[in-house]
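One structure below.
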DNA sequence: CCCGTCGTTATTTTT
DNA sequence: TAACGACGGG
């Protein structure tokens with residue numbers, strides 16, 4: 030296609046956009062924040078914008094960087110942009126982490142890592158903590174690993190004073206430091222490093238930053254509300270907005286000569302640079318935030334254009350380090366930001382959106398927007414109250430079955446729940462009723478033992494310093510090389526803090542080892558050397574699955590897992606086969622191997638082989654996993670206080686739960702069903718449940734009600750018809766209220782009374798109520814199913 | 001080294 | 001309740 034055709038072609042795509050979308054696509058000259066409500070066509074806007082910049086604005090596709098959070102989103106974005114404009118294939122459209130990996134492969138030495146690094150996952154992190162700090166219990170190690178991850182999400186190093194924000198345990202910095210040392214000795218990285226190391230490299234190497242700033246003229250970020258601090262800083266550095274400490278003696282003169290300024294001395298140099306810089310790009314002035322920092326742009330040529338897209342109402346990953354603050358304060362961080370709201374929703378019918386809007390509007394910290402339905406009213410969302418979780422599963426099954434008889438395919442349905450454990454009841458019921466289902470996300474393909482084994486072989490071949498991979502496979506299947514021998518081999522390889530080849534070290538050790546260990550090691554090392562050699566001499570004519578097969582067969586692992594399959598009735602061999610299949614796409618070369626490992630580590634969902642279409646089935650999925658998805662019919666289950674929201678959630682965390690509900694609701698295109706049970710088996714006990722306060726927040730009139738309406742719901746929605754109270758971010762469920770002495774109470778059986786005492790006994794909260802006619806009674810409010818109410822004046 | 005039993009513990013997890 | 005990990009006997 031000629032570029033002229035492309036241009037005409039693009040006019041067609043532009044004509045499909047609504048006014049705001051169009052404005053967002055065409056905007057230029059200052060940072061842009063697009064607040065895109067659920068289903069408002071944000072992907073369309075980003076992709077069209079990429080195509081538009083290339084076709085209409087002559088932007089070199091190589092200079093466009095678009096980052097997303099999931100591989101799936103990146104892939105979709107790329108495909109859709111390329112469909113509009115072929116040259117978009119040359120744009121960098123990646124996940125944050127794959128961008129980090131790409132970056133680190135180029136600047137490995139600056140980052141202090143091996144250029145053949147592989148990425149350690151969370152389990153590997155725990156193993157490293159264990160090795161770095163012996164004597165920790167498994168629990169302590171995994172807690173430490175979790176905190177290290179979180180620290181890295183915030184770019185906090187072991188010696189940072191901010192470390193107490195992560196943990197005030199005085200041992201934590203020591204553990205973190207030891208972990209880092211151990212990790213660095215392997216030459217590999219963890220997930221957090223994929224963001225934090227590029228930030229450090231960029232911030233500490235003006236030359237590198239200059240190079241990168243020069244490379245990327247346009248930077249776009251999708252799902253910006255889920256970015257963490259580290260990602261924010263990466264973005265700043267990429268956009269050239271980052272702060273460099275005033276003590277910038279590492280900034281050499283040559284680094285800033287491109288600014289065409291005189292080489293005057295002292296801090297004024299920077300302020301002049303800053304001034305000149307900002308006057309050159311009038312709209313992109315960076316204001317000075319602190320007294321201790323000077324802003325230095327190392328390239329004074331031109332500011333990259335930055336555009337982020339997100340929805341503060343869909344921020345649901347705080348627990349993993351995501352900072353809603355990033356999107357809430359974007360306009361402050363990037364002055365002169367243009368804000369465009371996309372509020373027209375093309376996905377859901379109006380009645381569904383109304384529920385979503387009512388619920389989320391209870392949140393206080395939000396930028397605020399109101400979704401406008403582009404479609405008709407549609408069906409009234411159905412809220413069903415059931416007795417037990419078994420009834421709930423049965424109800425869902427019968428809904429789906431009835432619809433199926435009328436020709437609605439199973440795949441139109443999704444069952445959403447808060448926790449993975451909730452899937453069990455549905456599985457049992459569906460199995461029983463022969464309803465096909467697919468569970469999304471619970472057991473990750475690449476987390477399976479057999480898969481990790483083969484990947485460990487590949488990782489060790491790629492990087493013979495990979496201690497974790499080495500330990501995983503050196504004695505699998507068992508060949509007499511126990512933990513002690515492994516420690517000695519690692520110690521032997523570790524010279525002056527630098528890890529050498531573990532294979533060489535294993536060879537060396539085998540000379541002095543016992544007979545059994547010697548035999549085992551000889552087998553292992555000769556196999557490894559054979560693999561290394563065949564990789565070295567590989568021409569790239571074969572694909573990587575040839576190599577994977579070779580390893581599986583000759584290492585004894587296939588045999589080992591075959592035996593396991595027979596014993597435990599598992600499908601490990603089948604999974605291995607699948608892994609081998611997925612390697613077909615990669616070349617049998619060193620580069621192909623690294624590529625393969627990167628793709629696997631950075632996308633933990635198995636890529637479906639072509640032609641292997643998903644059968645018609647119901648989707649069972651956690652609410653978190655639904656982001657970005659849509660289904661014609663959605664059932665959100667377990668809307669009970671304690672489950673959703675979880676009991677301990679308050680304030681900001683409660684708001685996040687509410688957003689999660691919002692995300693769930695807005696997945697539905699045509700029909701929305703909500704279920705809530707009066708009792709539920711939890712941890713082996715039957716517990717009586719209250720309806721989720723979120724239900725009342727939507728108002729009684731939003732729902733078509735089925736089943737026994739619990740008193741708490743009726744009460745909460747009776748006040749003013751729709752459960753709305755002025756300036757109330759407080760949940761309306763009485764359970765959320767403060768049970769304090771003096772509060773007036775109404776009880777089904779005992780009538781009116783007043784709280785005379787509150788206490789916590791055996792970690793249960795107990796209240797004593799003096800009733801007008803029945804004397805004093807004690808209650809556990811937590812377990813009162815709607816029979817105990819606070820009387821409001 | 002493997003397997004059974006007992007005890008412990010129960011969110012969400014794009015990468 | 002159930003699932004998983006730790007531990008000890010064969």
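In my numbering, the protein residues as written are 30 to 822. Ideal placement from N, C-alpha and C gives every residue a C-beta, glycine not left out.
| Expressed to the nearest angstrom, what Euclidean distance is found between the alpha-carbon atoms of residue 84 and residue 54? | For residue 84 and residue 54, the distance between alpha carbons rounds to 12 Å.
| query | What's the C-alpha gap between residue 729 and residue 67? | reply | Straight-line Cα distance between these residues: approximately 23 Å.
| query | Less than 8 Å separating the beta-carbons of residue 703 and residue 412? | reply | yes
| task | Could you please give me the residues that DSSP links to residue 722 through a beta bridge? | result | Looking at the DSSP assignment, residue 722 forms no beta bridge with any residue, so it has no partner.
| DSSP state of residue 29 mapped onto helix, strand, coil | Lying outside 30 to 822, the shown extent of the chain, residue 29 is not represented and no answer is given.
| message | Can you list, in chain order, the residues of its chain with a C-beta nearer than 6 Å to that of residue 318? Leave out the 5 residues immediately preceding and following it. | response | In this prediction, residue 318 has a pLDDT of 33, which is less than 50 and means its spatial position is unreliable; what the coordinates show is noted afterwards. There are no such residues.
| Around the Cβ of residue 830, are there at least 16 other Cβ atoms within 10 angstroms (buried) or fewer (exposed)? | For residue 830 there is no data in the structure shown, the boundaries of the chain being 30 and 822.
| request: Please state whether DSSP places residue 198 in a helix, a strand or coil. | output: Collapsing the DSSP output to three states places residue 198 in coil.
| field | Buried versus exposed, by CB contacts within 10 Å (16 or more), residue 760 | value | Residue placement at residue 760 is flagged as unreliable, the pLDDT there being 37, under the threshold of 50; the coordinate-derived value follows with that caveat. That one is buried.
| query | Helix or strand or just coil, what does DSSP make of residue 47? | reply | coil
| request: Could you check the C-alpha separation between residue 116 and residue 45 for me, to the nearest Å? | output: 21 Å
| query | Under the three-state reduction of DSSP, which class applies to residue 20: helix, strand or coil? | reply | The structure shown does not extend to residue 20, since the chain is modelled only from 30 through 822, so no value can be given for it.
| field | Own chain partners of residue 802 with C-beta closer than 7 Å, once the 5 adjacent residues on each side are dropped | value | 780
| query | Could you give the distance in angstroms between the alpha-carbon of residue 616 and the alpha-carbon of residue 569? | reply | Those two C-alpha atoms are separated by around 5 Å.
| message | To test your reading of the DSSP string, which unbroken alpha helix (DSSP H) runs of 4 or more residues are found completely within the stretch 357-418? | response | The stretch 357-418 contains these whole alpha helix (DSSP H) runs: 359-362 and 379-389.
| query | Taking the C-alpha atoms as reference points, what is the distance between residue 746 and residue 235? | reply | 60 Å
| request: Would you identify the three-state DSSP class for residue 61, choosing helix, strand or coil? | output: In this structure, residue 61 counts as strand in the three-state DSSP scheme.
| query | Under a three-way DSSP split, which group does residue 41 fall into? | reply | helix
| residue 339 lies in the beta strand (DSSP E); which residues open and close that run? | 334-339
| said: So the candidates are 109, 679 and 379; which of them puts its Cα closest to the Cα of residue 392? | reply: 679
| query | With 16 other CB atoms within 10 Å as the buried threshold, where does residue 251 fall? | reply | buried
| message | Comparing C-alpha positions only, which one of 482, 772, 467 and 632 sits nearest to residue 582? | response | For residue 582, the nearest C-alpha among the options comes from 482.
| Within 10 angstroms of its Cβ, does residue 715 collect 16 or more other Cβ (buried), or is it exposed? | exposed
| Which residues in the same chain as residue 340 place their Cβ atom closer than 7 Å to its Cβ, once the five residues preceding and following it in sequence are excluded? | Taking C-beta separations shorter than 7 Å and ignoring five residues to either side along the sequence, the partners of residue 340 in its chain run 64, 65, 66, 67 and 254, following chain order.
| task | Would you kindly report the start and end of the unbroken beta strand (DSSP E) that includes residue 668? | result | For residue 668, there is no enclosing beta strand (DSSP E), as DSSP marks it with neither H nor E.
| Where does residue 523 sit, in a helix, a strand or coil, going by DSSP? | strand
| query | Between the beta-carbon of residue 161 and the beta-carbon of residue 210, is there less than 8 Å? | reply | yes
| Mapping DSSP to helix, strand and coil, what is residue 346? | coil
| field | C-alpha distance - residue 423 paired with residue 430, whole-angstrom precision | value | 10 Å
| Considering only residues of the same chain and omitting the five flanking positions on each side of residue 406, which have a CB-CB separation below 8 Å? | 378, 379 and 380.
| Distance, residue 94 Cα to residue 23 Cα | Since the first and last residues shown for the chain are 30 and 822, residue 23 lies out of range.
| message | Between the alpha carbons of residue 47 and residue 81, how many angstroms are there, rounded? | response | If you take the alpha carbons of residue 47 and residue 81, they lie about 15 Å apart.
| field | Cβ neighbours of residue 178 in the same chain (closer than 6 Å, five flanking residues each side left out) | value | 221
| said: For the pair the stretch 660-671 and the stretch 695-710, tell me if three or more CB-CB distances fall below 8 Å. | reply: yes
| What's the call for residue 493, buried or exposed, on a 16-neighbour Cβ count within 10 Å? | buried
| request: Check whether the stretch 681-689 touches the stretch 486-502, taking contact to mean three or more Cβ pairs, one atom from each stretch, closer than 8 Å. | output: no
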